[in-house]
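Per UniProt numbering, the sequence shown starts with residue 1, numbered consecutively.
Heads up, the beta-carbon is just placed ideally off N, CA and C, and yes, glycines get one too.
Computed from a prediction, not measured in an experiment: that's the story for all the values here.
Structure, as structure tokens:
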Amino acid sequence: MNRLQRYLFRNLLIATLYSTAGLTLTIWLSQSLRLIEIVVSAGAPMGMFLWLLLLTVPTFLGIVLPLALVGAILFTYNKMATDSELVVMRAAGVGPFSLSTPALVMAAGVMAVVFTLNIWITPAAHRELVRMEYTVRSDYSQLFLREGVFNEVGDRFSVFLRDRDADGNLHKVLIHDGRQPDKPVTIMGDRAVMQTGPDGTRFVVYDGNRQELDRKTNRLSQLFFERYAVDLKAVAPQAAERWPDARERTTAELMDGNVPAQDDRMRRGLIAELHHRFSSPLLALTYALVALSALLSGEFNRRGQSSRVTIAVLLVMGLQAGALGLTSLAGKATVFVPLMYAMPLLALLPALWVMSRGLSLRPGRRQGAPDVGPGAGPAGSVS
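Now the structure itself:
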């Protein structure tokens with residue numbers, strides 16, 4: 001690239017980074033509202049919350065990057081047109097294709113990044129995110145203990161607490177263990193705490209009593225204690241065998257035709273996810289050409305290009321909605337899979353045609369204006 005193209009590329013890179021950061025922070029905010037409950041209600045470590053929040057980034061970055069690139073192209077080229085920089089460049093002999101080269105190079109880079117995310121990073125991050133969420137749910141069971149109600153911790157195992165203080169102490173606790181119908185157990189205590197260790201989570205109840213009823217003999221036995229521990233890992237329901245979601249599967253697993261699936265619907269979802277990973281990077285190039293064709297074609301308008309920017313935004317939004325819709329439809333019927341590749345490729349044709357019209361216009365000259373030769377006068381007559 002020459003000096004002007006490097007200047008354009010630098011502006012595009014900075015704008016893309018700012019757009020990506022802004023969109024990422026916006027989505028992070030919505031994700032943090034879902035994850036912050038682990039810290040506030042359960043007392044989970046802040047490091048775990050930050051790790052969960054970090055794992056969410058690759059799951060949406062593949063969608064954010066192409067959209068951020070569109071925003072950067074529209075902002076950069078529209079600002080340069082408003083500042084008459086594009087007019088000067090065109091007057092110096094720089095055509096639309098040369099002006100669009102930095103954006104196309106940036107689009108190729110975004111395609112490579114999105115492809116890398118889709119094939120390797122995003123599946124691994126999503127798999128780790130799901131695993132961590134299951135770990136938090138099993139190890140930090142106090143997250144689901146609400147005050148003033150009977151909380152079902154496991155099968156026929158209930159916990160009641162009157163209130164909880166700022167130090168995490170549970171006051172006026174009642175635990176009912178009905179896993180053995182012939183010998184139900186009720187534990188009452190003045191105070192209890194939740195402890196998490198290598199062996200899992202357990203209740204430690206202080207200053208209470210344990211009552212066990214033998215239904216065969218109707219005999220009630222009581223045990224008064226100062227400290228009594230209840231292992232929650234033994235009473236919590238064991239995680240059932242779960243089929244990994246399509247987004248958790250590695251690309252190698254999706255490409256393997258012998259991957260076990262729960263039913264035909266899930267198998268179609270695996271196929272749709274595989275082709276989504278290969279087809280979605282094409283959207284970066286399509287979006288870039290749509291934005292470039294809207295701003296670099298036709299004549300310069302001193303009143304601004306707000307209408308062209310609006311049209312480009314609407315077209316990109318339509319293409320994004322169509323891509324998401326085709327991915328959803330491909331999960332229901334594999335006949336829509338070829339359309340996942342056809343839609344971004346076919347959308348390139350109108351954009352290239354509009355760009356070619358811009359190429360046919362000579363820089364610094366309006367379409368239909370009379371040629372002025374080297375020796376021509378003001379009226380076109382030879383001096």
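Give the single residue among 316, 305, 274 and 353 whose Cα lies nearest to the Cα of residue 334. The shortest Cα separation from residue 334 among 316, 305, 274 and 353 belongs to 274.
The stretch 94-101 / the stretch 313-330 touching (three or more Cβ pairs under 8 Å): Cβ pair count under 8 Å is below three, so no.
Neighbourhood of residue 26 by C-beta, 7 Å cutoff - its chain only, sequence neighbours within 5 removed: Beyond the five residues adjoining it in sequence on each side, residue 26 comes within less than 7 Å, by CB distance, of no other residue in the same chain.
Could you tell me the distance, in whole angstroms, from the CA atom of residue 16 to the CA atom of residue 71? Residue 16 and residue 71 have their C-alpha atoms roughly 7 Å apart.
Neighbourhood of residue 277 by C-beta distance below 7 Å, restricted to the same chain and skipping five residues each side: Excluding sequence neighbours, residue 277 sits near 118, 119 and 251.
Rounded separation between residue 124 and residue 57 - CA only: Whole-angstrom Cα-Cα distance: 12 Å.
Curious, which full-length alpha helix (DSSP H) runs of at least 4 residues does the stretch 104-156 contain? For the stretch 104-156, whole alpha helix (DSSP H) runs of length 4 or above, ordered along the chain, are 122-139.
In this structure, what does DSSP give as the bridge partners for residue 205? Partner(s): 192 and 228.
Our contact map puts residue 283 next to residue 344 with C-beta atoms below 8 Å; I'd like the distance itself, whole angstroms only. That pair is a contact at about 5 Å.
Helix, strand or coil: how does DSSP classify residue 31 here? When DSSP states are grouped into helix, strand and coil, residue 31 belongs to the helix group.
Buried or exposed by the 16-neighbour rule on C-beta atoms within 10 Å, applied to residue 374: With a pLDDT of 39 at residue 374, under the threshold of 50, the modelled position of this residue cannot be trusted; read the value that follows with caution. Exposed is the call here.
Are residue 208 and residue 188 closer than 8 Å when you measure CB to CB? Result yes, Cβ atoms of residue 208 and residue 188 sit closer than 8 Å.
Do three or more CB pairs link the stretch 156-163 to the stretch 77-88 at distances below 8 Å? No: the two stretches stay apart, fewer than three of their Cβ pairs being nearer than 8 Å.
Using a 10 Å radius around the Cβ and a threshold of 16 neighbouring Cβ atoms, would you call residue 342 buried or exposed? Residue 342 is exposed by the Cβ-count criterion.
By the 10 Å Cβ neighbour count, where 16 or more other Cβ atoms means buried, how is residue 46 classified, buried or exposed? With fewer than 16 other beta carbons inside 10 angstroms of its own, residue 46 counts as exposed.
Does DSSP put residue 162 in a helix, in a strand, or in coil? If DSSP states are grouped into helix, strand and coil, residue 162 belongs with the strands.
When you compare only the Cα positions, how much space is there between residue 174 and residue 254? Their backbone Cα atoms lie some 49 Å apart in a straight line.
Below 6 Å CB to CB, which residues in the same chain sit around residue 281 once its five sequence neighbours on both sides are set aside? Excluding positions up to five away in sequence, the list reads 111, 114 and 115.
Relative to the C-alpha of residue 170, which candidate in 181, 193, 153 and 179 has its C-alpha closest? Ranking 181, 193, 153 and 179 by Cα distance to residue 170 puts 193 first.
What residue does the alpha helix (DSSP H) around residue 173 start on, and which one ends it? Boundaries for residue 173: no alpha helix (DSSP H) harbours it, while the beta strand (DSSP E) harbouring it runs 170-177, taken from the DSSP string.
Which residues does DSSP list as the beta-bridge partners of residue 223? 210.
Candidates 131, 263 and 14, of which the one nearest residue 332 by Cα: Looking at 131, 263 and 14, the one whose alpha-carbon comes closest to that of residue 332 is 263.
Spatial neighbours of residue 292 in its chain, beta-carbon cut-off 6 Å, leaving aside the 5 residues before and after: The answer, listed in chain order, is 100 and 103.
Should residue 315 be flagged as near chain B, meaning a C-beta pair shorter than 8 Å? Note that chain B does not occur in the displayed structure, where there is just one protein chain.
Spatial distance of residue 7 from residue 326 (CA atoms): Residue 7 and residue 326 have their C-alpha atoms roughly 38 Å apart.
Between the C-alpha atoms of residue 317 and residue 330, what's the straight-line distance to the nearest angstrom? C-alpha separation (whole angstroms): 20 Å.
Can you list, in chain order, the stretches of the alpha helix (DSSP H) that have 4 or more residues and sit fully within the stretch 273-333? Runs found: 282-296 and 306-330.
State the DSSP-derived secondary structure class of residue 217, mapped to helix, strand or coil. In the structure shown, residue 217 adopts coil according to DSSP, grouped into three states.
Once you ignore the five residues that flank residue 354 on each side, which residues in its own chain have a CB closer than 6 Å to its CB? Excluding positions up to five away in sequence, the list reads 293 and 297.
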